[in-house]
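Enquirer: A single structure is presented below for examination.
Residue numbers (the numbering used here), protein chains in the order written: chain S, 151 to 268; chain P, 3 to 620; chain L, 682 to 1164.
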């Protein structure tokens, strides 16, 4: 039971901290709105049009391929960290097989012109 | 020879294989391949019968499948019942097949017809010889399938295809009963072997035996066209006439009677079941005979007569007249096949016309057909010394001993039978020709059709003598169960049957041969309610239609339920949950959300069932 | 280093799948032919590697790969069924794939990946391996269902399948996590042991039943068990026919194997609960499938409902809960493989030519293509359970199992359902044999399609006429994974 109490406390603290930060800044800042300040922040570039736009379905495949390689690095990083403790040749072969599998996918995506921006 | 009985069904099945694989190459010879195999099969059957007559018996069995506790085997068993049946089935089928060479000569699907006939005969022989329920059921199903294709043979007429479907579905109803009956036997006996079931049935709990017997009887009722599942048989006349002779006289419909005989110990173990068999048989015999009196179509008349005669057989079985019923089964096979083939010859001569009101006077044009048809008719009517007399008399005597009112019902039926067959004979063969064109073109059938008629006529005339008291009741003694008593000759019972049958024949003859048409019209007016009742077949078709309608309505309801209630429920849930419902509607992919909500509902029901109904565990 | 021998067939499949991806983008004029070749080679290699993977002694049981998969007769049998099923799908479907201009490389690649996933479901000894297999199969299937790009029904089928499948996966995962929470292990054997010794009482006593319901719901979806079957007709109708064929046997077969593995083995201590639930589901499924099939005008929809009903019969064998029941299930699945794939194969022989979608297209087939009509009749008879076909023996064994274990009402239900189903199977027969053909040109089925159909017909007949030989040869009786 005490485990759940801990969890609840953690949850409450986790919620309270950001809320408190926002609240404090709201309370103590000075509020002079003007149209330029109201513009959505896009890394300094002026936004054009509405934020809710339809973008190309291709973007989804980009995201997917990015994700695949993201996860690949996620796997390779711990592998590299403990590489010394593994049987070196075998570990290397395993990693190469792993990467080769992903390379086939990449080749396929490339040849299918998924990587071409439309 | 007797231990080689298993080749009897294999030969026609082999012929079926040859015919369906090489039908195109063989051409017209296809028919003769089938006939050759069937002739060989007949020869073997007769040899087997000869040996069994001398007291031989055989049982051969091969293990087929064994998994878990039970072993299923494929085997044949040959005793008097089987030997007599295979001899009759192969012989009559052979006659029919020879006849068909002439009858089907111009048919576009000539080869297919003969192939399926052989499949059908092979399956029937499997049913007869099977030593266990599994094999019997296998043959039973294949037979149903083959009959479906044969009845629907002339499918360019949509009504025929419909009749085939109807016959299949109605018999199917009975088959479900049979299958469940087999389950009950399996539960009770632990095996499907007839030998074990027969030996043990007497010691089953009475309720179990009754249940098993009644369920098996349901199968027999379906196949043997007993009330209330008889509605398919008259429609099944849509098939070519040889098919009617084969399926509806000698083989398939007899299979129902045979099934009861085969599992007779189970029936004997339950008095209730036998009583049901007797009453259903008696009622069927009477009802069908009355409907037969008003049929205009020559084949429909014979169809109702078949139902009626099968009723006699059931009646006989129900009143402990095992041997008598089987005797009638055999003699009926001969004279009814003869009558159907004779009617086929008439239809052939009349170029497809089946309405007896348009015939008349054909005896002069078709003397041979007429003569043999009259022999068959007299046998059917039970006029001595023709075959039907002896066997029907035997059945009725047994009824006299055991259940007096069923005797009178059967005797009355005999009178009606005499009436309608006399009517049929007069309308067809005598009087003035009512259709001049039909009459002018009528001609006697070719020899290939005539020979089977003559052969069958000989049997229809003389087969009964083998069962007569003066010759020592050979047939009954051969078929009788051990310890079965023969009915005592009660001369007054026999006399009243003969008198009624003769009166029927005379009445029919007078009314349709001598009396003027005005008198008949007058009679129809006077007896209008009865006439309508008969013409409407006691409204059984309406009943069946109603039942079918009910079934269709039920399944339509399920469909409607799926669409309306399930969807409606879903909509209600969607409405009730407001926002969630709106969100799920936005998916807008047809019914996908409904499917998901159904799944959710099912999960809830499952949870409620398991938790709510309190699966309490220690 | 783990010993990878037990999963050699799946590795072969995956390699072939990867190769197919390269084939798909290689500059080649005869891409479809090469793709078919690679797919067939992969499947045949997997089948040939199967004995090696199963090890020297058939029926040897052992968990390998860190307890992820079990090498036992049951898994071997199902793997053989699934691989054989995929093989027949490729053989019979190749013509359709070409005729409809389906991208062959990707198509076969996904088919092989899906088969590998199905294999893992059949041999899983751990919830993780099982779930990864399930998702591999599912995701590939969603894509496969939508392969007729540009055809509205195919896309709709794909989307419907995906949305419903995702829901079912969620239900399944919820159930699995509950089960994991109860026993603290993902191993199926460990789960059975844990549940057997778990305390039953209080509020927590209900949790195993809750887990069971959710797990069953997820698996029932995959196996098209009513009332989780509603997607089946839509998807079967809309998907490319080879995919339909694949879903009806490989996907469904894997789901049924998983029901045995996860429910009958992993949740074995809960058999008091799942036996009646499965029995009711079985009865409901066969009835729902058969009654709905009566009204179908579209051949693929009709076969879809027929396959729902078939799943009901198989489920009945599992519900019985005896080893005989399980043997009956294995036999039935094998028979079902041949008869259902055969039926779809004939449909593909027609639909490759742009017909065969509705019952009307079958009219008079006996005149136009006597061999095809005869084969479809054979497969329909087997599905119906006409004697001397595999379906008959399968039903016989299920009857026997149900009666011996005292489930008489279930046997009666199957008997009545068989009676109902006769109507629509005979509708097929009637169309082919008792109707005149609207057109005259013959339909041909040679080459790979012919080989696939011949294989299916041979299987149906062998199982029907010589069942004992098949049982002895496959050692089926020794395959039960029950504890």
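Beta carbons: idealized from backbone N, C-alpha and C, even for Gly.
Mind listing which residues of the region 700-722 of chain L have their C-beta closer than 9 Å to chain S's C-betas, in chain order?
Expert: Within the region 700-722 of chain L, the qualifying residues are 700, 702, 703, 705, 706, 707.
Enquirer: To the nearest angstrom, how far is the alpha carbon of residue 152(P) from that of residue 46(P)?
Expert: In the second chain, counting from the first residue as 1, residue 152(P) sits at position 150. In the second chain, counting from the first residue as 1, residue 46(P) sits at position 44. Whole-angstrom Cα-Cα distance: 26 Å.
Enquirer: List the residues of chain C whose Cβ lies closer than 8 Å to the Cβ of residue 905(L), in chain order.
Expert: Here chain C cannot be found, since the structure's protein chains are S, P and L.
Enquirer: Against residue 66(P), what residues of chain L qualify as contacts under a CB-to-CB distance less than 7 Å, listed in chain order?
Expert: As a working mapping, residue 66(P) is identified with position 64 in the second chain. Those are 1149, listed as they occur along chain L.
Enquirer: Listed from N- to C-terminal order along the chain, which residues in the region 1059-1077 of chain L have their beta-carbon within a distance smaller than 8 Å of any beta-carbon of chain P?
Expert: Here the close residues are 1062, 1067, 1068, 1069, 1073, 1074, 1077.
Enquirer: What residue ranges within the region 933-962 of chain L form continuous alpha helix (DSSP H) runs of no fewer than 4 residues, ordered along the chain?
Expert: DSSP runs (the alpha helix (DSSP H)) wholly in the region 933-962 of chain L: 933-939.
Enquirer: Alpha carbon to alpha carbon, what distance is there between residue 475(P) and residue 281(P)?
Expert: As a working note, residue 281(P) is residue 279 in the second chain. As a working note, residue 475(P) is residue 473 in the second chain. Spanning the two alpha carbons is a distance of roughly 26 Å.
Enquirer: Short of 8 Å in beta carbon distance, which residues of its chain neighbour residue 355(P), apart from the five on each side in sequence? Order them along the chain.
Expert: For the purposes of this step, residue 355(P) is taken as the residue at position 353 of the second chain. Once the five neighbours on either side are set aside, the close Cβ partners of residue 355(P) are 349, 361, 437, 440.
Enquirer: Rounded to the nearest angstrom, what separates residue 581(P) and residue 595(P) at their Cα positions?
Expert: Position 579 of the second chain, counted from the first residue, corresponds to residue 581(P). Position 593 of the second chain, counted from the first residue, corresponds to residue 595(P). Confidence at residue 581(P) is low in this model, with a pLDDT of 41, below 50, so its placement is unreliable and no value can be given for it.
Enquirer: Any residues in the region 207-221 of chain P with a beta carbon nearer than 8 Å to a beta carbon of chain L? Which ones, in chain order?
Expert: From the region 207-221 of chain P, no residue has a Cβ closer than 8 Å to chain L.
Enquirer: Terminal residues of the continuous alpha helix (DSSP H) containing residue 1020(L)?
Expert: Translated into positions along the third chain, residue 1020(L) becomes position 339. First-last of the alpha helix (DSSP H) with residue 1020(L): 1004-1032.
Enquirer: Compile a chain-ordered list of the residues in the region 978-1008 of chain L whose CB is closer than 7 Å to at least one CB of chain P.
Expert: Taking 7 Å as the Cβ-Cβ cut-off against chain P, the residues of the region 978-1008 of chain L that qualify are 1005, 1008.
Enquirer: Are residue 896(L) and residue 959(L) touching if we call contact CB-CB under 8 Å?
Expert: For this step, residue 896(L) is matched to residue 215 along the third chain. For this step, residue 959(L) is matched to residue 278 along the third chain. Not in contact: residue 896(L) and residue 959(L) (Cβ atoms no closer than 8 Å).
Enquirer: Keeping to the same chain, check which residues put their C-beta closer than 7 Å to that of residue 936(L); ignore five residues upstream and five downstream.
Expert: By 1-based counting over the third chain, the position of residue 936(L) is 255. Taken in chain order, the residues that qualify are 900, 903, 904.
Enquirer: Given that residue 177(P) touches chain L, what residues does it touch there, using C-beta distances under 8 Å?
Expert: Indexing the second chain from 1 puts residue 177(P) at position 175. Correct list: 1100.
Enquirer: Restricting to Cα atoms, I'd like to know which of 1014(L), 950(L), 1128(L) is closest to residue 890(L).
Expert: Counting from 1 along the third chain, the entry for residue 890(L) is found at position 209. Checking every option, the nearest Cα to that of residue 890(L) belongs to 950(L).
Enquirer: Around the C-beta of residue 458(P), are 16 or more other C-beta atoms found within 10 angstroms, so that it is buried, or is it exposed?
Expert: By one-based count along the second chain, residue 458(P) stands at place 456. Burial call: buried.
Enquirer: Which chain L residues are close to residue 264(S), counting only those with a beta carbon under 8 Å from its beta carbon?
Expert: Position 114 of the first chain, counted from the start, is the residue given in the question as residue 264(S). Under the 8 Å cutoff, chain L gives no residues; its nearest Cβ is about 11 Å from residue 264(S).
Enquirer: Give me the Cα-Cα distance between residue 598(P) and residue 954(L), rounded to the nearest whole angstrom.
Expert: Looking up residue 598(P) in the second chain gives position 596. Looking up residue 954(L) in the third chain gives position 273. Roughly 24 Å between the two C-alpha positions.
Enquirer: Is it true that the CB of residue 821(L) sits closer than 8 Å to the CB of residue 801(L)?
Expert: One-based indexing of the third chain puts residue 801(L) at position 120. One-based indexing of the third chain puts residue 821(L) at position 140. Not in contact: residue 801(L) and residue 821(L) (Cβ atoms no closer than 8 Å).
Enquirer: Do you know offhand how far residue 1052(L)'s Cα is from residue 298(P)'s?
Expert: In the third chain, residue 1052(L) corresponds to position 371, counting from 1. In the second chain, residue 298(P) corresponds to position 296, counting from 1. Between residue 1052(L) and residue 298(P), the C-alpha separation is close to 42 Å.
Enquirer: Any contact of the region 361-378 of chain P with the region 395-415 of chain P, i.e. 3+ C-beta pairs under 8 Å?
Expert: With the cut-off at 8 Å, the region 361-378 of chain P and the region 395-415 of chain P do not touch.
Enquirer: Whose CA, out of 382(P), 96(P), 263(P), 159(P), lies closest to the CA of residue 245(P)?
Expert: In the second chain, counting from the first residue as 1, residue 245(P) sits at position 243. Nearest option by C-alpha distance: 96(P).
Enquirer: Run down chain P in chain order and give the residues with a C-beta less than 8 Å from the C-beta of residue 833(L).
Expert: Locating residue 833(L) in the third chain gives position 152, counting from the first residue. Under the 8 Å cutoff, chain P gives no residues; its nearest Cβ is about 11 Å from residue 833(L).
Enquirer: Which residues in the same chain have their Cβ closer than 6 Å to the Cβ of residue 772(L), if we skip the five residues on either side of it in sequence?
Expert: For this step, residue 772(L) is matched to residue 91 along the third chain. Excluding sequence neighbours, residue 772(L) sits near 1129, 1132, 1133.
Enquirer: Mind listing which residues of the region 157-173 of chain P have their C-beta closer than 7 Å to chain L's C-betas, in chain order?
Expert: Listed by position, the residues of the region 157-173 of chain P near chain L (Cβ gap below 7 Å) are 157, 158, 163, 166, 167, 170, 171.
Enquirer: Output yes if chain L places a C-beta closer than 8 Å to the C-beta of residue 252(S); else output no.
Expert: The residue labelled residue 252(S) in the question sits at position 102 within the first chain. For residue 252(S), the answer is no, since every Cβ of chain L falls outside 8 Å of its Cβ.
Enquirer: So, is the C-beta of residue 1152(L) closer than 8 Å to a C-beta in chain P?
Expert: For the purposes of this step, residue 1152(L) is taken as residue 471 along the third chain, with counting starting at 1. It does: the Cβ of residue 1152(L) has a partner Cβ on chain P nearer than 8 Å.
Enquirer: Measure the C-alpha to C-alpha separation of residue 220(S) and residue 1139(L) and round it to an integer number of angstroms.
Expert: Here residue 220(S) is taken as the residue at index 70 of the first chain, counted from 1. Here residue 1139(L) is taken as the residue at index 458 of the third chain, counted from 1. In a straight line, the C-alpha of residue 220(S) is about 50 Å away from that of residue 1139(L).
Enquirer: Pick out whichever of 448(P), 61(P), 33(P), 192(P) has its Cα sitting closest to the Cα of residue 116(P).
Expert: As a position in the second chain, residue 116(P) is number 114, starting the count at 1. With distances taken between Cα atoms, residue 116(P) lies closest to 33(P).
Enquirer: Since I believe residue 1141(L) is in contact with residue 1059(L) (beta carbons under 8 Å), could you give me their beta-carbon distance rounded to a whole number of angstroms?
Expert: Numbered from its first residue, the third chain carries residue 1059(L) at position 378. Numbered from its first residue, the third chain carries residue 1141(L) at position 460. Sure, about 6 Å apart at Cβ, within 8 Å.
Enquirer: Which residues does DSSP list as the beta-bridge partners of residue 79(P)?
Expert: Your numbering for residue 79(P) matches position 77 in the second chain. For residue 79(P), which the question treats as bridged, DSSP gives the partners 61(P).
Enquirer: Do residue 228(P) and residue 113(P) have their C-beta atoms within less than 8 Å of each other?
Expert: As a working mapping, residue 228(P) is identified with position 226 in the second chain. As a working mapping, residue 113(P) is identified with position 111 in the second chain. No, they are not a contact pair.
Enquirer: Decide if residue 524(P) is buried, meaning its Cβ has at least 16 other Cβ atoms within 10 Å, or exposed.
Expert: Along the second chain, read from residue 1 onward, the residue named residue 524(P) stands at position 522. Exposed is the call here.
Enquirer: Given 8 Å as the limit, is there contact between the region 500-514 of chain P and the region 419-438 of chain P, that is, 3 or more CB pairs closer than that?
Expert: Counting Cβ pairs under 8 Å, three or more are found: they touch.
Enquirer: What ranges does the beta strand (DSSP E) occupy inside the region 119-169 of chain P, keeping only unbroken runs of at least 3 residues that lie completely in it?
Expert: Listed in chain order, nothing qualifies, since the region 119-169 of chain P has no complete beta strand (DSSP E) run of 3 or more residues.
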